[in-house]
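Student:
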Amino acid sequence: MNHSTSAVDVQPLVFSNPSFKDHEQVVFCHDKESGLKAIIGVHSTVLGPALGGTRMWAYNNEAEALNDVLRLSRGMTFKAAISGLNLGGGKAVIIGDSRTQKTEAMMRAFGRMVDRLNGSYITAEDVGITTKDIEHVVKETKHVTGIPVEMGGSGDPSPVTAYGTYMGIKASAKYKWGSDNLEGRKVLVQGIGNVGITLVKHLTEAGMEVYIQDIHQDRIAMAVNEYGAKVYEGHYADADVDVYAPCALGATVNDESLDRFRCSIIAGAANNQLKDENIHGKALAERSILYAPDFLINAGGLINVYSEIAKYDRAESLRRTEKIYDTTLEIFTHAETKNITTHQAALEVAQARVDAAKASV
Ligand code: NAD
Numbered sequence: 422m423n424h425s426t427s428a429v430d431v432q433p434l435v436f437s438n439p440s441f442k443d444h445e446q447v448v449f450c451h452d453k454e455s456g457l458k459a460i461i462g463v464h465s466t467v468l469g470p471a472l473g474g475t476r477m478w479a480y481n482n483e484a485e486a487l488n489d490v491l492r493l494s495r496g497m498t499f500k501a502a503i504s505g506l507n508l509g510g511g512k513a514v515i516i517g518d519s520r521t522q523k524t525e526a527m528m529r530a531f532g533r534m535v536d537r538l539n540g541s542y543i544t545a546e547d548v549g550i551t552t553k554d555i556e557h558v559v560k561e562t563k564h565v566t567g568i569p570v571e572m573g574g575s576g577d578p579s580p581v582t583a584y585g586t587y588m589g590i591k592a593s594a595k596y597k598w599g600s601d602n603l604e605g606r607k608v609l610v611q612g613i614g615n616v617g618i619t620l621v622k623h624l625t626e627a628g629m630e631v632y633i634q635d636i637h638q639d640r641i642a643m644a645v646n647e648y649g650a651k652v653y654e655g656h657y658a659d660a661d662v663d664v665y666a667p668c669a670l671g672a673t674v675n676d677e678s679l680d681r682f683r684c685s686i687i688a689g690a691a692n693n694q695l696k697d698e699n700i701h702g703k704a705l706a707e708r709s710i711l712y713a714p715d716f717l718i719n720a721g722g723l724i725n726v727y728s729e730i731a732k733y734d735r736a737e738s739l740r741r742t743e744k745i746y747d748t749t750l751e752i753f754t755h756a757e758t759k760n761i762t763t764h765q766a767a768l769e770v771a772q773a774r775v776d777a778a779k780a781s782v
């Protein structure tokens, strides 16, 4: 009997995964004692060390986790490039429920794994990871950002991400309606997490009618009590709003939601909002829905942690983040001129910077 593995037995895993897209390194991490199961994706180090946060999520299976980390780390390469930062792209995921399974031992084990990469990957917060967790990571490695302010770091990057996203929404309004005055316009913010709550604050202060959605009641209560936001119960795509701001997980622009959208603008902080960047980016354009590329308008947090690597300067970080407004307008114009989608336009500009850096070596 022949026991050799034939090609048909093998499921596409890493190199043949459609999301692999030329990653430099993918690291699978396991620590039996703490229960850590993590994957670190280093997509590119062409422009600098691969910096990207760690997400902790209860994935349904390992393939889902791998796909997520690959998509997220590639997005970081483009985010850094389009924001003019000397950083590459990387990301990590920890498999598990952040509310019930996270421990100090697990975060420290993860820190040791990051340390072994000798700075080619630098971590930070993402969904399910807080500055408290980073406090544990920092005990094991110096290759970490988003360190608490009390420990000399820049703290939680989320408020700056929210500010940049707000800049992106204003720029989208300017391009779509000729004015960035948001007063009286309606918005649905999906996901009232670290980013979502501050975005709700900015949009409320700008005079928008803010609707919210979250899977956790405590987060909904926070937005209602602090900012008077209204709870939206239906499917997010059915919401009769001017702006849909996805701030939970990715892929909410998909085959199922596409024809249901009633908004004019999609602009939010979530990574990888388009389930398929080619199909769904084009489909939005055909429906005259203006899409603000996620990796462009959610770069505030990255800009903020980048500043921590040298000497943290919050005012400078905020100034840089404000530039997202101008860059977003430039990308919209670039897309219109070349008759390509806004997502493609942003990718083109980012890729050109990476290619130029490669060519100069
Ligand atoms: P978070 O974990 O603090 O918040 C996510 C929120 O979304 C949670 O309140 C969660 O309950 C909610 N949620 C999850 N699934 C949902 C669903 N199906 N419907 C409605 N709500 C749902 O995360 P965060 O740091 O606020 O990040 C939000 C998004 O922005 C993520 O996609 C993240 O990758 C992206 N992002 C975050 C940063 C940052 O600085 N934190 C930077 C760039 C991009």
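Numbered according to the working numbering, the sequence shown spans residues 422 to 782. For every residue, glycine included, the Cβ atom is placed at its ideal position computed from N, Cα and C.
#1: So is the beta-carbon of Cys668 under 7 Å away from any non-hydrogen atom of the ligand NAD?
#2: Our contact map puts Val558 next to Met527 with C-beta atoms below 8 Å; I'd like the distance itself, whole angstroms only.
#3: Decide if Val429 is buried, meaning its Cβ has at least 16 other Cβ atoms within 10 Å, or exposed.
#4: In this structure, how does DSSP classify Pro569 when only helix, strand and coil are distinguished?
#5: Report the option in Asp601, Val608, His564, Glu483 whose CA atom is closest to the CA atom of Tyr727.
#6: How many angstroms separate the CA atom of Gly576 from the CA atom of Gly567?
#7: Find out if the Cβ-Cβ distance for the pair Phe716, Ala666 is shorter than 8 Å.
#8: According to DSSP, simplified to helix, strand and coil, what is Ser427?
#9: The beta strand (DSSP E) spanning Glu395 covers which residue range?
#10: May I ask you to report which of helix, strand or coil DSSP gives Ser781?
#11: Just to check, is the beta-carbon of Gln611 closer than 7 Å to a non-hydrogen atom of the ligand NAD?
#12: Considering only heavy atoms of the ligand NAD, does any lie closer than 7 Å to the CB of Pro578?
#13: Could you please give the first and the last residue of the uninterrupted beta strand (DSSP E) stretch that includes Phe449?
#14: Considering only C-alpha positions, which residue in the set Arg492, Lys523, Ser709 is nearest to Gly510?
#15: Do you know how far the Cα of Ala530 is from the Cα of Lys651?
#16: Please identify the residue among Gly689, Gly671, Ser465, Glu647 whose C-alpha is closest to the C-alpha of Ala583.
#17: Going by DSSP, what residue range makes up the beta strand (DSSP E) through Thr783?
#18: When DSSP labels each residue in this structure, what does Pro578 get in the three-state scheme?
#19: Which value, in whole angstroms, describes the spacing of the CA atoms of Gly589 and Gly721?
#20: Using the beta-carbon count (16 or more within 10 Å), is Gln765 buried or exposed?
#21: Considering just the uninterrupted stretch of the beta strand (DSSP E) at Ile515, what are its terminal residues?
#22: If you draw a straight line from the alpha carbon of Ala459 to that of Asn539, how long is it in whole angstroms?
#23: Using only the alpha-carbon positions, how far apart do Asn507 and Gly496 sit?
#24: Which stretch, first to last residue, makes up the alpha helix (DSSP H) that contains Gly722?
#25: By alpha-carbon positions, which one of Lys553, Ala484, Glu757 ends up nearest to Ser709?
#26: When you compare only the Cα positions, how much space is there between Lys744 and Glu571?
#27: Could you tell me which residues DSSP pairs with Pro439 in its beta bridges?
#28: Can you check whether the CB of Gly469 is closer than 8 Å to the CB of Lys512?
#29: Under a three-way DSSP split, which group does Thr619 fall into?
#30: May I have the straight-line CA-CA distance separating Phe441 from Phe499, to the nearest angstrom?
Tutor: With the structure as the only source:
#1: yes
#2: That belief does not hold up - the Cβ atoms of Val558 and Met527 are roughly 10 Å apart, past 8 Å.
#3: Note that Val429 scores a pLDDT of 48, beneath 50, so its modelled location is shaky and nothing firm can be said.
#4: coil
#5: His564
#6: 5 Å
#7: no
#8: Because the pLDDT at Ser427 is just 45, under 50, the model does not fix this residue reliably, and the value given afterwards should be weighed accordingly. Correct three-state label for Ser427: coil.
#9: The first residue shown for the chain is 422 and the last is 782, placing residue 395 beyond what the model contains.
#10: coil
#11: yes
#12: yes
#13: 446–452
#14: Arg492
#15: 41 Å
#16: Gly689
#17: The first residue shown for the chain is 422 and the last is 782, placing residue 783 beyond what the model contains.
#18: coil
#19: 10 Å
#20: buried
#21: 509–516
#22: 17 Å
#23: 15 Å
#24: 721–730
#25: Glu757
#26: 28 Å
#27: Answer is none; Pro439 lacks a bridge partner.
#28: no
#29: helix
#30: 15 Å
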